[in-house]
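Below you'll find the structure, written out as structure tokens, and then a few comments.
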Amino acid sequence: MAQKKIVKKTTKPKVDAKTKKADTSAKTSKKSAENEEQTATPPISYIVWVLVFAAIGLLIFLSMIVNIVSHFNGETALLGYITEPIMGLFGICTPAIGAYSLAYAYFCFKYRNDLPTKNAKGVLLILNLVFLLGTLHLINTLWVDVPVNPKDLWASGIHWQGCGLIGGYLGWFLSKLLHKSIGLIFGLLVYFVCLIFFCGGSPLDVLKSFGKRINCFFRYIVSKTKQSFAKRAEEKAEEKSKHVQHTSTKPAEDQKKISYSAKEEQKPFLKEEKTEEPTNVSTYPKERTENYVTGSIYDAPIRKETSKEKTEEESSEIGEKVKNKFGFKMGREARDDGTAEVPTDDVSFEPDSKIEEEPIAITGEQTEIVPTDSIETPVYITPPMDLLKAGDEETSFNSAEVEQKKRILLETLEAFRVKADVVNISCGPTITRYEIEPEIGVSVKSIEKLGKDLALRLAAKSLRIEAPIPGKCAVGIEVSNNDRLTVKLRDILDSPIFKEHKSKLFCCLGVDVAGNAVYLDIPKMPHLLIAGATGMGKSVCLNCLIVSLLYRATPEEVRLILIDPKKVEFSHYADIPHLLAPVVTNINKCAGTLNWAVAEMERRYDIFEAHSLRNLEEYQAQTADDPEAERLASIVIVIDELADLMMQAKAEVETSICRLAQKARAAGMYLILGTQRPSVDVITGLIKANIPSRISLAVSSQVDSRTILDSAGAENLLDKGDILYAPAGARKALRVQGAFISTKELNSVCEFVRSNSKPQYDPDVVKNINTATENYGKSKKGKSDEDGGSTADTKDLELMIAALEVGFEQGTVSTSYIQRRLSFGYAKAARVVDMLQQHGFVSAPDPVNKLRKIIISPQELAELKMNGAISKKDNEESE
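Going by the numbering used here, the sequence shown opens with residue 151, and the numbers climb by one from there.
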């Protein structure tokens, strides 16, 4: 036996690799040729069946049409007689028989090379027809017991009163088997199940889609209910504020003076004079009250304007009437400012009642009541939502486009032998995410590799694969929409989530793939880095965050420091009350401002230490009832272009940013950094390590994406606010379409805030920033003027470190030795030795052998290599 096996192994011919490939290619070509022949020339029997069933269906429909026409003409054609036996058998289901025949003919032709599918479709078609006939007969005879008689069933089918002979017996069988009602339910259920399978679906998918629609409907009802409740609450608050404002405009009893202008229209007073019954002074004229209290509680007071020409024409007549009635001088007889004091005893609208009213300034164009308390303690008024434009209420998606892309996606995956199914589709304003569930045994990497092929087949501008989706057993394929929708900032601001949140630093970001609003809470971040290429929407994103703070917090709660090296991005926010100092545009002041922020952080920590507290929240809670305690607000520092600062003052800016990012959270100070140059020399490793939350817009390369997010993906984003948001602690970034606010809307909001509140700059803060800027300028000038100062040039320092490293081998340094070891020329080696002696690293040359001793230790050399600085103590000792 062993010998036979050995003989078999030795006699087996060796097949060359080329011949094997040729054989396999020949076999595959033969198989493909056979398949082409099969597809090109189907069997004659299939063609016959297709023609037979198509002819039956067309003949039934044609005979029915002829029968209907002959019924109106009164003459029966020969073709009309064909309908009677079919109607006798199937009754009112005769049109269904024709439709089913045509459908089966179509499927016989479509699946002419797929016999199992054709047979399955035929079985489903017959079952569907059988249960259709039975259920229709049960419906027709549900409340009436009809005896099963062949003649009666045949007659009812001919006269369109039943389901004919076959339908009657099928219905009788279901009623005897299960009872009428149960048989009806069972028949309908089987009919719809067969219909679903016949159309290529599954009942489970239908139930899932039906459940989703029910869920969406109930969510819609709940959201509408919440909106109605919120609207009612706003109306009640508006009515309450109107009532308070109306009562505040009523005249006070303790005032002794009334001021009138010579050119004001005195219609309310003339009306008051014509009335028979005098009104009380406490009841304000209706017209005058309505002129002041109109609009929303946040809107500016709308006052009635009067034409100047009309005022001049009636000024003399009205002046005489008012003068006779109230007894005071007007016009030239009045004071220089056009007003005159009125004795309160003579001013009365009612007998035996004195008027005591607060000062009313009546000018020639508008009427304005100025309460004295509001001037002393200005109240911040939140901008109204009307200043922002709302988006389209009805946003419909093209379902046909979505289904077409789904079909292309599945066909492409199947072409590359990736078996998967689409389990969910999420349509967003910018992209549509198809959730693909691969079958067991399919590698996720095999789907990731098909990114470019899928983008080619779908003709997509952008395609991103998220494999896998966090928390789901699926792979997300994000495809850009042909028609993009703009997400307006008002749609996100005007929501119960934003209004009911407790944090004062709660900001709006945008909308995710599923259409849900995305917010960010700055204290939980606690610092944010925003980066992206030019024109991708970085400045709009920063504006949305700042405007969210203006709608969210008062100047007593949140203060802003805006640093704008480009001088044009933050010019809209000049003189708003939230600013702690004017917008910083000078580079030296930018570095000085960051230095002040570090000093302010340390000062706050000293205050917390004195009160035995840990953070700003505990301090605010402890000092809430103490009027003498210092009020500390949260400070948000926003830098629009970090690259400019890093180019001109890299060391100081990077140090200040790192110190603030490490410690400023507990002190209530937060950083938001923006840059359009996401390179490693701008976003350094220290900055990335201390800023955990990041936002990336579209970038030009995968390297820039990894610089921002530590992962690829941002290079596949679209423009106009397409965002990857990676909050602190998140494993994967979230795809978000950023909110949009136009320049006109931004100017309107800032102008409203400025018109209702004056800028509240802190003079101490401005002074300290200027001082820090001066100190920074002096130190920078001193460093540049020093010859061999505390910090050496980078290249010279590298040369000195290399010379010291080779010099430590023998303990001395000389020009010729460095020349040999480092392959330097004589001039370069001599210059390096002179620099070493100048900085105090080596001694003076020995008079005998010209060698120089190294006077620093290896530990000091290691410190020099790490810090790049030379301490003054070493210099003094060397001298």
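Beta carbons: idealized from backbone N, C-alpha and C, even for Gly.
Pop quiz: residue i and residue j are said to be a contact at Cβ under 8 Å. What is the actual Cβ separation, rounded to whole angstroms?
i: residue 562; j: residue 630; result: That pair is no contact at about 16 Å.
i: residue 682; j: residue 826; result: 7 Å
i: residue 774; j: residue 640; result: So it is not a contact: roughly 33 Å between Cβ atoms.
i: residue 584; j: residue 575; result: 6 Å
i: residue 761; j: residue 772; result: 7 Å
i: residue 566; j: residue 538; result: Not a contact, Cβ separation roughly 47 Å.
i: residue 877; j: residue 675; result: 7 Å
i: residue 688; j: residue 863; result: Between residue 863 and residue 688 the Cβ distance is about 17 Å, and since that is not below 8 Å, they are no contact.
i: residue 533; j: residue 700; result: 6 Å
Secondary structure at residue i, three-state DSSP: helix, strand or coil?
i: residue 766; result: helix
i: residue 667; result: strand
i: residue 654; result: coil
i: residue 846; result: strand
i: residue 701; result: helix
i: residue 616; result: strand
i: residue 830; result: coil
i: residue 254; result: helix
i: residue 1034; result: There is simply no residue 1034 to check, as the chain begins at 151 and stops at 1029 in what is shown.
i: residue 584; result: strand
i: residue 993; result: coil
i: residue 349; result: coil
i: residue 577; result: strand
i: residue 935; result: With a pLDDT of 48 at residue 935, under the threshold of 50, the modelled position of this residue cannot be trusted; read the value that follows with caution. In the structure shown, residue 935 sits in a helix (DSSP, three-state: H, G or I).
i: residue 921; result: helix
i: residue 1004; result: strand
Just mark residue i as buried or exposed, buried being the case when its beta carbon has 16 or more other beta carbons within 10 Å.
i: residue 363; result: exposed
i: residue 633; result: exposed
i: residue 913; result: exposed
i: residue 500; result: Low per-residue confidence applies at residue 500: pLDDT is 42, beneath 50, and the placement is therefore not dependable enough to give any value.
i: residue 999; result: exposed
i: residue 794; result: buried
i: residue 276; result: exposed
i: residue 745; result: buried
i: residue 370; result: exposed
i: residue 893; result: exposed
i: residue 776; result: exposed
i: residue 375; result: exposed
i: residue 815; result: buried
i: residue 720; result: buried
i: residue 550; result: exposed
i: residue 245; result: exposed
At which residues does the beta strand (DSSP E) containing residue i begin and terminate?
i: residue 824; result: 819-825
i: residue 888; result: 884-888
i: residue 681; result: 678-681
i: residue 874; result: 872-876
i: residue 626; result: 625-630
i: residue 637; result: Here residue 637 belongs to no beta strand (DSSP E), and DSSP marks it neither H nor E.
i: residue 600; result: Residue 600 -> no beta strand (DSSP E), and no H or E assigned at all.
i: residue 710; result: 708-713
i: residue 785; result: 784-789
With a cut-off of 9 Å, does the C-beta of residue i fall near any C-beta of chain C?
i: residue 871; result: In the structure shown, chain C does not exist; there is a single protein chain.
Could you give the residue range of the alpha helix (DSSP H) that holds residue i?
i: residue 976; result: 976-988
i: residue 857; result: 852-859
i: residue 740; result: 737-760
i: residue 806; result: 800-813
i: residue 970; result: 965-972
i: residue 564; result: 549-565
i: residue 900; result: 893-906
TODO: Count the CB pairs spanning the region 794-813 and the region 834-847 that are closer than 8 Å, and state whether there are at least three.
DONE: yes
- [ ] Count the CB pairs spanning the region 775-790 and the region 708-721 that are closer than 8 Å, and state whether there are at least three.
- [x] yes
Open item on the list: Can you confirm whether the region 635-645 touches the region 847-862 when touching is taken to mean that 3 or more C-beta pairs between the two stretches lie within less than 8 Å?
Closed with: no
TODO: Count the CB pairs spanning the region 660-672 and the region 901-911 that are closer than 8 Å, and state whether there are at least three.
DONE: no
Open item on the list: I want to know whether the region 735-753 touches the region 711-723 - three or more CB-CB distances under 8 Å.
Closed with: yes
- [ ] Pair every Cβ in the region 546-560 with every Cβ in the region 592-601, then say whether three or more of these pairs are closer than 8 Å.
- [x] no
Task: Stretch pair the region 235-254 + the region 325-343: three plus CB contacts closer than 8 Å - done: no
Task: the region 941-956 touching the region 751-768, judged by at least three CB pairs closer than 8 Å - done: no
Open item on the list: For the region 870-883 against the region 838-848, do three or more pairs of beta-carbon atoms, one drawn from each stretch, fall closer than 8 Å, so that the two count as touching?
Closed with: yes
Open item on the list: Quick check: the region 314-321 against the region 280-290, are at least 3 beta-carbon pairs closer than 8 Å?
Closed with: yes
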